Amino acid sequence: MNLPRFKTRPLHIDEQTTVADLARNVRIFIADSKLWLGALLGLLGAYYFFTNRLGASTFILTSIGTFLVLHLWSVNGKGVPLLPTMAIQHLLAYGIPIVTANEALTKYPRSEFQTAGMELLVFQLAMAAGWYALMQIVPPCRPISYTLTLLRRGGFRAFRKLGLILVAATTVYELAYTSGLLDPAFAVLPQGTYPVLVAVSGAASMCGFFIAALGVGSGEIERSFKIFFWSAFAIQCIVSAASLLLSSTIIYIASVMIGLFWSSGRFPWKFVVITIAVLSFFNLSKHEMRMQYWNPNTGEMRNYSITNLPTIYTDWFNASTTMMFEPREETRAEREARQSLADRVNNLSNLLFIIDAVEHQHIDLLNGATYAIIPPLLIPRYFWPEKPRAHEGQVMLNVHFGRQDLHSTFTTYIAWGLVPEAYGNYGPFMGSIILGLFLGGFMAVVERMTQNKALLSLEGFALFALFLGMATSYEMVASVLVTSVFQSIVSICMAVAPFVDRTVHRREKPA
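For the sequence shown, position 95 matches number 95 in full-length UniProt numbering, and the numbering has no gaps at all.
Spelled out as structure tokens, the structure:
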């Protein structure tokens, strides 16, 4: 059997490269691979159905919705691939627990799995309908962007320099912060400044790795740049993961993966396999390490500095090795606290939980309460020190539906995901329809309004922050997603706006 041959090619990136140029590679990749994906999902669905696998109906219905969305975008997509990304994200978040036969699913009756599958199918169809309708209504944007002056004057050399500067600056910042060298400066800053600096640093790291990965994927940079890039990437991952919170590390990995994929037109399988293997290994003993190194009262690291990174990673390596090769009998509480990466990607349990809570326990719906709190959360904490937590929507869901009491939410966050949140607010089908139509329409407007924008522009950087936020939002509620993306976009605009010029960009066509 012949393997698929993709028509994508490495992308030459310069100041004229637009979002639509990148989308071309993604669209071709999806068009050439969707039949193979459909065949794989069909075979898995049939196997699960005939073997009576728990959740087979959910897997089949979710796969149908995902395939239809991918086909629709591969034919009609014009810009940033938000729609297929969200479809694939939901297939993974709800399909992986079925593929791995997650033990957490066994507490729910089989009848609820079909209900969950219908909810996901309705959501995917509503999202596709909202996207398609707005793509027909909203005209494409004009080819005018606020391009970085440095890039317009210096071309590819400046592009390479920008990625180098951002990666180098954020690496130095992370090392200085971890070493405690910045503590005196933070001590004299006004209250509320630190979260702003964290957001700016995170946005700069994200954009820096993305830009540098575009250069690496295009194959147009020299060996010394690649060595520096991968060294800085490893340093930042090591420093960020040492806090025993992997979210920042995952964002760095996602930034690099997207940059490599978009510029080369080939999915970076080796990079993904290696990073997943490393994350999975250290995730084995993350719970034990947190018990050893975290302050139980604050939930923060104790003795976290660059000088004891070797000790932290030595202990972490030994703990994971012990878990892997010398397994012991665990209590139920220990099993629930310690999750593998596959266990963590389990939105299906959240959806089944809320279906049971609403349909069988008859707990009242929230009627949009978790969405109503979003506008106040966009006010900077500098102006409102007592502002509610960004996770306030998540807290409301957990407390209202009985998963946590209010006190426990200050030390542990139980994730939900967008579809379970919508169900908890508006109930069966209505929540999925409202969420799907809104998300689909929003993604279409963004795609149309940015398709002719320069990739290396203020709009391009803000778009990447939005794309990355949505791509990693599988367990977020709306308040967390909106506030995190909003902070990243504002930080990017503040940092980039002074250095841009309004530019009309039209690539010359050959005679």
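Just so you know, even glycine gets a beta-carbon here, dropped at the ideal spot from N, CA and C. These figures come from a predicted structure and were not determined experimentally.
- By the neighbour-count criterion, in which a residue is buried when 16 or more other Cβ atoms sit within 10 angstroms of its Cβ, S255 is buried.
- Ranking E459, L466, F461, G460 by CA distance to the CA of M443 puts L466 first.
- Looking at the backbone, the Cα of L377 and that of L244 are separated by about 27 Å.
- If you draw a straight line from the Cα of V485 to the Cα of F464, it is about 10 Å long.
- At a Cβ-Cβ threshold of 9 Å, G469 and L481 count as neighbours.
- For the pair G440 and V80, the Cα-to-Cα distance works out to about 13 Å.
- Our two residues, Y132 and S247, have alpha carbons roughly 32 Å apart in a direct line.
- Put simply, of L105, A234, G38 the residue whose alpha carbon is nearest the alpha carbon of S205 is A234.
- Annotated three-state conformation of D405 is coil, per DSSP.
- In the structure shown, T472 falls within a coil segment according to DSSP collapsed to helix, strand and coil.
- Judged by beta-carbon spacing, G163 lies within the 9 Å limit of A212, meaning their Cβ atoms are closer than that value.
- Here the alpha carbons of R142 and Q114 stand approximately 45 Å from one another.
- In this chain, R110 is not harboured by any beta strand (DSSP E); it is covered by the alpha helix (DSSP H) spanning 110-137.
- If you check the CB distance, I96 and N346 come in under 9 Å.
- By the CB criterion at 9 Å, G180 and G217 fall outside the cutoff.
- Cβ contact annotation for R27 (same chain, cutoff 6 Å, sequence separation greater than five): S74, G77, in chain order.
- The Cβ atoms of L134 and L61 lie no closer than 9 Å to each other.
- Between the C-alpha atoms of P428 and I355 there is a straight-line separation of about 8 Å.
- Burial state of V172 is exposed, judged by a 10 Å Cβ sphere holding fewer than 16 other Cβ atoms.
- Per the coordinates, the alpha-carbon of S491 lies some 22 Å from the alpha-carbon of I144.
- Collapsing the DSSP output to three states places V80 in coil.
- For the options E288, A20, P498, E386, the alpha carbon positioned closest to that of P140 is the one of A20.
- Residue range 347-359 is occupied by the alpha helix (DSSP H) that includes I354.
- With contact defined as three or more Cβ pairs closer than 8 Å, the stretch 389-399 and the stretch 414-424 are in contact.
- Assigned with DSSP and collapsed to three states, L22 falls in helix.
- Here V504 carries a strand assignment [DSSP, helix/strand/coil].
- For a cut-off of 8 Å, the C-beta gap from W416 to V477 is around 5 Å, short enough to register as a contact.
- Secondary structure of Y304 (DSSP, three-state): coil.
- Counting other Cβ atoms within 10 Å of its Cβ, K286 reaches 16 or more and is therefore classed as buried.
- The residues F123, L418, V419, A422, in chain order, have a CB closer than 7 Å to that of L435 in the same chain once the five nearest residues on each side in sequence are set aside.
- If you look at Y252, you'll find it in the alpha helix (DSSP H) that goes 247-264.
- The C-alpha of I373 is placed about 11 Å away from the C-alpha of K387.
- By the beta-carbon neighbour count (other beta carbons within 10 angstroms, threshold 16), S473 is buried.
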